[in-house]
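*Asks:* Shown below is the structure under consideration.
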Amino acid sequence: MHTVVLVLIEVLIVIGLSRLVGLGFRWINQPLVIGEIVAGIMLGPSLFGLVAPELSATLFPPETVPFLNVLSQVGLIFFMFLIGLELNPKYLSGNLEVAVLTSHVSILVPFSLGTLLAVLLYPLISNASVSFTAFALFLGAAMSITAFPVLARIITENNLQGTRLGTLALTCAAVDDVTAWCVLAVAIAVARTGSITGAFPTIVESLLYIGVMVTLGRSFLSRLATYYRRNKRLNQLVLALIYAGVVASALITELIGIHLIFGAFLLGAIMPKNAGLVREIAVKTEDFVLIFLLPVFFAYSGLRTQIGLLNSPELWLLSVLVLAVAIAGKYVGTYVAARVSGINKREASALGWLMNTRGLTELIVLNIGLELGVISPLLFTMLVIMALVTTFMTSPLLEWTYPKKLIKLNLVETEPETDIDADISDRPYRVLVPVANPDTQKGLLQLAVAIAVNYQQPAIVNPLCLIELQEDYAYESTPVEANRLIQERHQLLDELIQRLEPPAARSYVHPIVRVSNNVARETIQIAALEQADLVVVGWHRPAFSNNRLGGRVGQILTAATVDVAVFIDRGQERLETLLVPYSGNIHDDLALILALRLLVNRDTCNLQVLQVLSAHQVKDELSYELQTLMEQMPSSVSDRISINTIEATDPMQAVVAASQGVDLTIAGASRTWGIERQTLGRYTDELAIECRSSLLITRRYSKVISHLTSVLTEPKSEVTT
46 MHTVVLVLIE VLIVIGLSRL VGLGFRWINQ PLVIGEIVAG IMLGPSLFGL
96 VAPELSATLF PPETVPFLNV LSQVGLIFFM FLIGLELNPK YLSGNLEVAV
146 LTSHVSILVP FSLGTLLAVL LYPLISNASV SFTAFALFLG AAMSITAFPV
196 LARIITENNL QGTRLGTLAL TCAAVDDVTA WCVLAVAIAV ARTGSITGAF
246 PTIVESLLYI GVMVTLGRSF LSRLATYYRR NKRLNQLVLA LIYAGVVASA
296 LITELIGIHL IFGAFLLGAI MPKNAGLVRE IAVKTEDFVL IFLLPVFFAY
346 SGLRTQIGLL NSPELWLLSV LVLAVAIAGK YVGTYVAARV SGINKREASA
396 LGWLMNTRGL TELIVLNIGL ELGVISPLLF TMLVIMALVT TFMTSPLLEW
446 TYPKKLIKLN LVETEPETDI DADISDRPYR VLVPVANPDT QKGLLQLAVA
496 IAVNYQQPAI VNPLCLIELQ EDYAYESTPV EANRLIQERH QLLDELIQRL
546 EPPAARSYVH PIVRVSNNVA RETIQIAALE QADLVVVGWH RPAFSNNRLG
596 GRVGQILTAA TVDVAVFIDR GQERLETLLV PYSGNIHDDL ALILALRLLV
646 NRDTCNLQVL QVLSAHQVKD ELSYELQTLM EQMPSSVSDR ISINTIEATD
696 PMQAVVAASQ GVDLTIAGAS RTWGIERQTL GRYTDELAIE CRSSLLITRR
746 YSKVISHLTS VLTEPKSEVT T
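Throughout the sequence shown, residue numbering follows the numbering used here, covering 46 to 766 in sequence.
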């Protein structure tokens, strides 16, 4: 088979498997890049070559490896350019003195421990062709690196960018990134020349080039920002010149004697940080690099990773030792420096786990070391395992050390503080409203306000807007860009709130905007964290297509540990006539409870409770709790309730006919909901399609009625809305 054809087949396999495995890791709340690295290892001798050696040799023969190497090197050049491009000076704006101390100690300690470890490993897994100095420098650099891109994404996904911890971690990682690349450049120079003395000219030339780029280069590139401010876009010619500059800068640093990735990183770092300019360059560059070129780099690394080389208990013990030194060096160094700087124990510990993130940056360092022959394939495999484990452990250890409820306390909230231990009569009645599109979901939020706000009981309505991040390295997931998107969503929600009626209710509405990589899961977590009494979600047709419930709405209905209502908006703005088809299940109880809340909150509202009986069917009685509540209702409320019982051979059509003359029908999920979680039950699914009025479908979680008890604890005057 022709070599080019075989390379294209390899690329096709690599892209498909990396996406598949990457999405699997996203599902378990791990960075996509970890899954892509694992996919690359799976294609190498560690799995594919072990399970099907003949097929592996056919698909990945030695003659195709140089082609994969060229593609991966091009990918690395532009990826490093993106890292430099996204290294925003804003990250260095807060706690700089603390960050410089913490980041440098977090490099010095693991670097020192790595050097000591080199004394043990050098005679065991290296050879005389490699100088001990180069070996120790590379091992120290590998131990001290922190992957700024992965750390930035973890901070964004956990909504830490607005907290003290997130700001400090970003600053530390930015300082750490620049320092670590300088250390690596020295290590490469020593490795190529054989000694520190021989590397001196290379180091001097590198410093001169950096000086020229930071002064003359930055001054020249400032014209690019002026051009962008004038034209508001980059044409293909300008983008071609930028890419040519990336390649030229990479070539210069390669010729100087360090590595081509440094030139690309340097050009990205000195680019003007105009937000629009950076966004356009990143968006136009990253898709091809991240989807096509980087997976090839992972596959190329995977072909060089041979876990089978760890073929004895002694070697596995050495691998564990490498992992332990890497974790302890970074964590202890960061923790001690942070504590000395006055950071409390919990934040210092969380910072230590964040700085332990190594990810793709570590893989770049390891491939350079293996390419130069400084580290052996055996040590390369050990360090790849270390990179995977340290990155994999970051998210769960961060959640354990610094859970989301503490993140919430560190955020600047716009809503009033409440005592979570207060009596239920004093605790605000809270409705959480996921809002996917503020432009089209006024009716959803207006209904939530009508249910919650009565000016007698404390109430909070939280419109929840989640910004979903699809990729780990996408520019939109950087903290600076995420903050811009959050501000935009806040502005849209504020405009939506200003359109709500009555105006007095607007003060009860406090939007929540977060970044998320899983909207349904994040909504469920926020509902629990905010102690919501009710979640009101909007309906869209795919959720009920073919009588099956799926997507985010289905996940929220299935997994949320609070009551949930799904609103199908038919466009009626009035809310004066309500219909509750009642058949006696717990979901119907919730439907009636919410209808009674609306009745209490709005003195122009009327409620019809409809019980449809087939032949010889016994009438369903209200539950004991509901009967008690009905007895507590003042006459001004109970007089607006009518209970009608009719007989019909087709209960569904009877309800549909009754819905013709009302503003809102509130119906509980069918009895089968408790058994068949993939649907709301045949009756409710059909009603969602055929109902003539707007429809609110309720699914009850708790059997404790908290929706009305605090309103009816004592007689209160009614307020006209």
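Note that the Cβ used here is the ideal one computed from N, Cα and C, for glycine as well.
Computed from a predicted structure; not experimentally measured.
Which class does residue 714 belong to by DSSP, given the choice of helix, strand or coil?
*Replies:* To locate residue 714, count along the sequence shown from 1; it is residue 669. It is coil, neither helix nor strand.
*Asks:* Let me check understanding here. Comparing Cα to Cα, which of 333, 649, 477, 658 lies closest to residue 628?
*Replies:* Translated into the one-based positions of the sequence shown, residue 628 becomes position 583. Taking each of 333, 649, 477, 658 in turn and checking the Cα distance to residue 628, the smallest one comes out for 658.
*Asks:* Can you tell me which of the three DSSP states residue 56 falls into?
*Replies:* Looking up residue 56 in the sequence shown gives position 11. The answer is helix: DSSP assigns residue 56 an H, G or I state.
*Asks:* In its own chain, which residues sit with a C-beta less than 7 Å from the C-beta of residue 426, not counting the 5 before and 5 after it?
*Replies:* Here residue 426 refers to the residue found at position 381 of the sequence shown. Closer than 7 Å at Cβ, skipping near neighbours: 350, 351, 352, 354, 355.
*Asks:* Could you name each continuous alpha helix (DSSP H) segment of 4 residues or more that falls completely within the region 273 to 321, going from the start of the chain to the end?
*Replies:* 281 to 301, 305 to 315
*Asks:* I'd like to know whether the C-beta atoms of residue 420 and residue 183 end up nearer to each other than 7 Å.
*Replies:* Taking the first residue of the sequence shown as 1, we reach residue 420 at position 375. Taking the first residue of the sequence shown as 1, we reach residue 183 at position 138. The answer is yes: Cβ separation under 7 Å.
*Asks:* With which residues is residue 609 paired in a DSSP beta bridge?
*Replies:* Indexing the sequence shown from 1 puts residue 609 at position 564. In DSSP, residue 609 forms a bridge with 580, 744.
*Asks:* Check each candidate in 555, 560, 507 and name the one with the smallest Cα separation from residue 528.
*Replies:* Here residue 528 corresponds to residue number 483 of the sequence shown, with the count starting at 1. Selected option, being the one with the closest Cα: 560.
*Asks:* Tell me the residue span of the alpha helix (DSSP H) that contains residue 532.
*Replies:* What you label residue 532 is simply residue 487 of the sequence shown in a count that begins at 1. Run containing residue 532: 524 to 542, per the alpha helix (DSSP H) assignment.
*Asks:* Please work out which residues of its chain come closer than 6 Å, Cβ to Cβ, to residue 49, disregarding the five sequence neighbours upstream and downstream, and give them in chain order.
*Replies:* Translated into positions along the sequence shown, residue 49 becomes position 4. Here the set comprises nothing.
*Asks:* Contact defined as beta carbons within less than 8 Å: I believe residue 491 pairs with residue 545. What is the distance between those atoms, to the nearest angstrom?
*Replies:* Stepping through the sequence shown from its first residue, residue 491 is reached at position 446. Stepping through the sequence shown from its first residue, residue 545 is reached at position 500. Contact flag correct, Cβ pair sits at about 6 Å.
*Asks:* In whole angstroms, give me the CA-to-CA distance for residue 738 and residue 73.
*Replies:* Translated into the one-based positions of the sequence shown, residue 738 becomes position 693. Translated into the one-based positions of the sequence shown, residue 73 becomes position 28. In this structure, the alpha-carbon of residue 738 lies about 40 Å from that of residue 73.
*Asks:* Name the DSSP bridge partner or partners of residue 475?
*Replies:* Residue mapping note: residue 475 aligns to position 430 of the sequence shown, counting from 1. Note: residue 475 sits in a beta bridge opposite 505.
*Asks:* What did DSSP end up calling residue 480 once you bin it into helix, strand or coil?
*Replies:* The residue labelled residue 480 in the question sits at position 435 within the sequence shown. Coil, per DSSP.
*Asks:* Less than 7 Å separating the beta-carbons of residue 367 and residue 126?
*Replies:* As a first step, residue 367 must be located in the sequence shown, where it is residue number 322. As a first step, residue 126 must be located in the sequence shown, where it is residue number 81. Contact: no.
*Asks:* So which of 601, 608, 499 has the shortest CA-CA distance to residue 554?
*Replies:* Numbered from its first residue, the sequence shown carries residue 554 at position 509. Considering only 601, 608, 499, the residue with the shortest C-alpha distance to residue 554 is 499.
*Asks:* From which residue to which residue does the beta strand (DSSP E) around residue 358 run?
*Replies:* As a position in the sequence shown, residue 358 is number 313, starting the count at 1. Going by DSSP, residue 358 is part of no beta strand (DSSP E) but of the alpha helix (DSSP H) stretching over 358 to 385.
*Asks:* Let me confirm a value: residue 47 is counted as buried when at least 16 other C-beta atoms fall within 10 Å, else exposed. Which label applies?
*Replies:* For this step, residue 47 is matched to residue 2 along the sequence shown. The residue is exposed, with fewer than 16 neighbouring Cβ atoms inside 10 Å.
*Asks:* Could you tell me the alpha carbon to alpha carbon distance between residue 255 and residue 474, rounded to whole angstroms?
*Replies:* On the sequence shown, residue 255 is found 210 positions in, with the first residue counted as 1. On the sequence shown, residue 474 is found 429 positions in, with the first residue counted as 1. The straight-line gap from Cα to Cα measures roughly 59 Å.
*Asks:* Please specify which runs of the alpha helix (DSSP H), each continuous and at least 4 residues long, are wholly inside the region 110 to 165, giving them in chain order.
*Replies:* 110 to 131
*Asks:* Look up residue 263 in the DSSP assignment and say whether it is helix, strand or coil.
*Replies:* As a position in the sequence shown, residue 263 is number 218, starting the count at 1. In the structure shown, residue 263 falls within a helical segment according to DSSP collapsed to helix, strand and coil.
*Asks:* In this structure, what does DSSP give as the bridge partners for residue 653?
*Replies:* Locating residue 653 in the sequence shown gives position 608, where the first residue counts as 1. Paired residues: 624, 687.
*Asks:* Is residue 603 closer than 7 Å to residue 573 when the C-beta atoms are compared?
*Replies:* Taking the sequence shown and counting its residues from 1, the one referred to as residue 573 is at position 528. Taking the sequence shown and counting its residues from 1, the one referred to as residue 603 is at position 558. For residue 573 and residue 603, no; Cβs fall outside 7 Å.
*Asks:* Given a cut-off of 7 Å on the beta-carbon distance, is the pair residue 214 and residue 511 in contact?
*Replies:* One-based indexing of the sequence shown puts residue 214 at position 169. One-based indexing of the sequence shown puts residue 511 at position 466. Contact: no.
*Asks:* Give the DSSP-derived three-state secondary structure of residue 513 in the structure shown.
*Replies:* As a working note, residue 513 is residue 468 in the sequence shown. Looking at residue 513 - three-state DSSP - the assignment turns out to be strand.
*Asks:* Is residue 554 helix, strand or coil by DSSP?
*Replies:* Taking the sequence shown and counting its residues from 1, the one referred to as residue 554 is at position 509. Residue state, collapsed to three classes: strand.
*Asks:* Assuming contact is defined by CB atoms lying nearer than 7 Å, are residue 383 and residue 396 in contact in what I supplied?
*Replies:* Within the sequence shown, residue 383 is the residue found at index 338, counting from 1. Within the sequence shown, residue 396 is the residue found at index 351, counting from 1. Their beta carbons are under 7 Å apart, which means residue 383 touches residue 396 by this criterion.
*Asks:* From 681, 136, 201, 745, pick the residue whose C-alpha is nearest to that of residue 440; which is it?
*Replies:* Stepping through the sequence shown from its first residue, residue 440 is reached at position 395. Out of 681, 136, 201, 745, 201 has the C-alpha closest to the C-alpha of residue 440.
*Asks:* Quick check on this structure: which residue in 654, 640, 655 has the alpha carbon closest to the alpha carbon of residue 648?
*Replies:* Taking the first residue of the sequence shown as 1, we reach residue 648 at position 603. Of the candidates 654, 640, 655, the one whose C-alpha sits nearest the C-alpha of residue 648 is 640.
*Asks:* Measuring straight from C-alpha to C-alpha, what distance separates residue 253 and residue 482?
*Replies:* Along the sequence shown, one-based indexing puts residue 253 at 208. Along the sequence shown, one-based indexing puts residue 482 at 437. Using only the alpha carbons, I get a separation of about 52 Å.
*Asks:* Taking its Cβ as the centre, do 16 or more other Cβ atoms sit within 10 Å of residue 374, making it buried, or is it exposed?
*Replies:* Position 329 of the sequence shown, counting from 1, holds the residue named residue 374. Buried is the call here.
*Asks:* Helix, strand or coil: which one does DSSP assign to residue 349?
*Replies:* For this step, residue 349 is matched to residue 304 along the sequence shown. The answer is helix: DSSP assigns residue 349 an H, G or I state.
*Asks:* Can you check whether the CB of residue 622 is closer than 7 Å to the CB of residue 651?
*Replies:* On the sequence shown, residue 651 is found 606 positions in, with the first residue counted as 1. On the sequence shown, residue 622 is found 577 positions in, with the first residue counted as 1. The answer is yes: Cβ separation under 7 Å.
*Asks:* As an exercise, report each continuous beta strand (DSSP E) stretch of at least 3 residues that is fully enclosed by the region 419 to 447, in chain order.
*Replies:* none
*Asks:* Measure the CB-CB distance between residue 714 and residue 744 and report whether it falls below 7 Å.
*Replies:* As a first step, residue 714 must be located in the sequence shown, where it is residue number 669. As a first step, residue 744 must be located in the sequence shown, where it is residue number 699. Yes; because the gap between Cβ atoms is below 7 Å, this pair is in contact.
*Asks:* Can you give the beta carbon distance from residue 186 to residue 434, rounded, assuming they're within the 8 Å contact cut?
*Replies:* Here residue 186 refers to the residue found at position 141 of the sequence shown. Here residue 434 refers to the residue found at position 389 of the sequence shown. For residue 186 against residue 434, the beta-carbon gap comes to about 18 Å, at or over 8 Å, which does not count as contact.
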